[in-house]
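Protein chains in written order, with our numbering: chain A, 1 to 290; chain B, 291 to 479.
Cβ coordinates follow ideal geometry from the N, Cα and C atoms, glycine included.
Because the structure is a prediction, the values reported are computed rather than measured.
The structure under discussion appears below in the form of structure tokens.
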């Protein structure tokens, strides 16, 4: 059994993407992965903190990295935003000695030390590289044969460069869909931005971006779309109806977390995967596989 | 000479923030601007902003709305032929604008970020519903009414938690001590 320090992030723990956290844990169990939640982890601060107080934002991440270091395990997160924020802090602490000194001083005020040994991984990276496509394929109980799935990577899973997939034409979820028996749909907007948190402050602008992504996936015949990010899922799913109103469109595309799709293929129940939390009903695409 | 001094001090300020040092390396090729999904919404494009910063136009740069339209999608960063971390440079400019009290009035993004950060500072976690309600109350309560259908849909699907996740009292104190210390150090320098 492989063990990791689990950092669910606010959204996938008790927030709007609870179903992501739940399905991530259920699928990990099937793959013999133990995700040990970091005790008392704090919010990574995401983009808003990095945009207001740079030193404090690095300290938010550093506390989590230090807690994981204390467990002797690498961090795994299912959230693309947590992934980019924690990875950036880790890289910058190595690159900028003056930053490292200041962060160490702040951490010391809380009785913590960080020595820089924690690695930060995204759950998708762990699944496809530590476990592998063959082992994932071997766990499939109900092949997704005939299902056309759009793998939507978004931004912060693959950019800036983390090394596990291409920053503009990623393939890991395409191959994952194939190993589940499904058919990946190649669409041009697969690694473009959904607008992120600006859906709250610049709604009209972001609804336009959402429309472009949905259009692109549907043009290539997608029956559902999968994502590795809580924010992407919320924008594409919960705001799909708003996008329809604004753009006079009639999008009706189920948006799933990639872990939910894996769970369906592994024969897990709707309940275990939280499929009912999808606003655009997932059953529409998945009925014959459930 | 005066203009040179002004130039170097603003560029130095930006360069002191990790990721900001790239401001010195730009060759004005415009790749970042061409890659940006929001460049057309900005009063100055990303490459223009760099040129202005190097010309010492501190007030104009820091009161621009450009960095607040950055989506942190990192397309510019992976495409820059000079290896500039353009997204982090945008964050550096945002932090400087906040420090100088120049966060831009024509976009609600700074207010949204501030509401987010207030929750993270006080709770150590982000209750999405509380944060969004707080933001709408601070900016325009009417928008909250417009957003009601989305909120109702999320609620019906069990996705709106009223209760916030809390750290243990010890965890909250520890985090607060760390963040207060960071604040007293006054930013990266």
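Given a cut-off of 9 Å, decide if residue j and residue i are closer than it, judged by their beta-carbon atoms.
i	j	result
residue 169 (chain A)	residue 195 (chain A)	no
residue 69 (chain A)	residue 115 (chain A)	yes
residue 214 (chain A)	residue 249 (chain A)	yes
residue 56 (chain A)	residue 113 (chain A)	no
residue 181 (chain A)	residue 223 (chain A)	no
residue 328 (chain B)	residue 361 (chain B)	yes
residue 266 (chain A)	residue 141 (chain A)	yes
residue 83 (chain A)	residue 58 (chain A)	no
residue 80 (chain A)	residue 3 (chain A)	no
residue 450 (chain B)	residue 16 (chain A)	yes
residue 243 (chain A)	residue 279 (chain A)	no
residue 124 (chain A)	residue 228 (chain A)	yes
residue 307 (chain B)	residue 366 (chain B)	no
residue 75 (chain A)	residue 5 (chain A)	yes
residue 398 (chain B)	residue 454 (chain B)	no
residue 331 (chain B)	residue 160 (chain A)	no
residue 8 (chain A)	residue 197 (chain A)	no
residue 189 (chain A)	residue 217 (chain A)	yes
residue 343 (chain B)	residue 313 (chain B)	yes
Closest by CA to residue i, which one among the options?
i	options	result
residue 117 (chain A)	A:64, A:144, A:150, A:163	A:64
residue 422 (chain B)	A:199, A:87, A:263	A:199
residue 401 (chain B)	B:413, B:355, B:444, B:379	B:355
residue 192 (chain A)	A:286, A:77, A:208, A:42	A:208
residue 274 (chain A)	A:257, A:216, A:289, A:110	A:257
residue 45 (chain A)	B:369, B:468, B:415	B:415
residue 369 (chain B)	B:320, B:426, B:342	B:320
residue 462 (chain B)	A:41, A:184, A:217, A:245	A:41
residue 39 (chain A)	B:476, B:456, B:472, B:475	B:456
What is the DSSP secondary structure of residue i, counted as helix, strand or coil?
i	result
residue 167 (chain A)	coil
residue 296 (chain B)	Here residue 296 (chain B) scores only 49 on pLDDT, less than 50, and its place in the model is too uncertain to base an answer on.
residue 121 (chain A)	strand
residue 317 (chain B)	coil
residue 38 (chain A)	coil
residue 206 (chain A)	helix
residue 151 (chain A)	strand
residue 256 (chain A)	strand
residue 5 (chain A)	strand
residue 76 (chain A)	strand
residue 281 (chain A)	coil
residue 183 (chain A)	strand
residue 226 (chain A)	strand
residue 374 (chain B)	coil
residue 33 (chain A)	strand
residue 158 (chain A)	coil
residue 248 (chain A)	coil
residue 421 (chain B)	helix
residue 144 (chain A)	coil
When you compare the CB of residue i with every CB in chain A, is at least one pair closer than 9 Å?
i	result
residue 391 (chain B)	no
residue 453 (chain B)	yes
residue 385 (chain B)	yes
residue 295 (chain B)	The predicted model places residue 295 (chain B) with a pLDDT of 46, which falls under 50 and marks its position as unreliable, so this point remains unresolved.
residue 478 (chain B)	yes
residue 394 (chain B)	no
residue 443 (chain B)	yes
residue 303 (chain B)	no
residue 449 (chain B)	yes
residue 407 (chain B)	yes
residue 422 (chain B)	yes
residue 402 (chain B)	yes
residue 324 (chain B)	no
residue 431 (chain B)	no
residue 309 (chain B)	yes
Does any CB atom of chain B fall closer than 9 Å to the CB of residue i?
i	result
residue 18 (chain A)	yes
residue 15 (chain A)	yes
residue 254 (chain A)	no
Is residue i close to the ligand HEM? I mean its beta-carbon at under 8 Å from any heavy atom of the ligand.
i	result
residue 93 (chain A)	Because no ligand of any kind appears in the structure shown, any question about the ligand HEM cannot be addressed here.
Using a Cβ-Cβ cut-off of less than 7 Å, list which residues of the region 199-217 of chain A approach chain B; keep chain order. 200, 201, 202, 205, 209
Interface positions of the region 149-172 of chain A facing chain B (Cβ-Cβ less than 9 Å), listed along the chain: 154, 155, 156, 158, 159, 160, 161, 167, 168
Between the region 333-363 of chain B and chain A, which residues of the former have CB atoms less than 7 Å from a CB of the latter, in chain order? 361, 362, 363
Residues of the region 29-44 of chain A whose Cβ lies closer than 7 Å to any Cβ of chain B, in chain order: 40, 42, 43
Name the residues in the region 88-104 of chain A whose C-beta lies less than 9 Å from a C-beta of chain B; which are they? 88, 92, 95, 96, 98, 99, 102, 103
Closer than 9 Å, Cβ to Cβ, to anything on chain B: give me those residues from the region 106-121 of chain A, in chain order. 106, 107, 108, 109, 110, 111, 112
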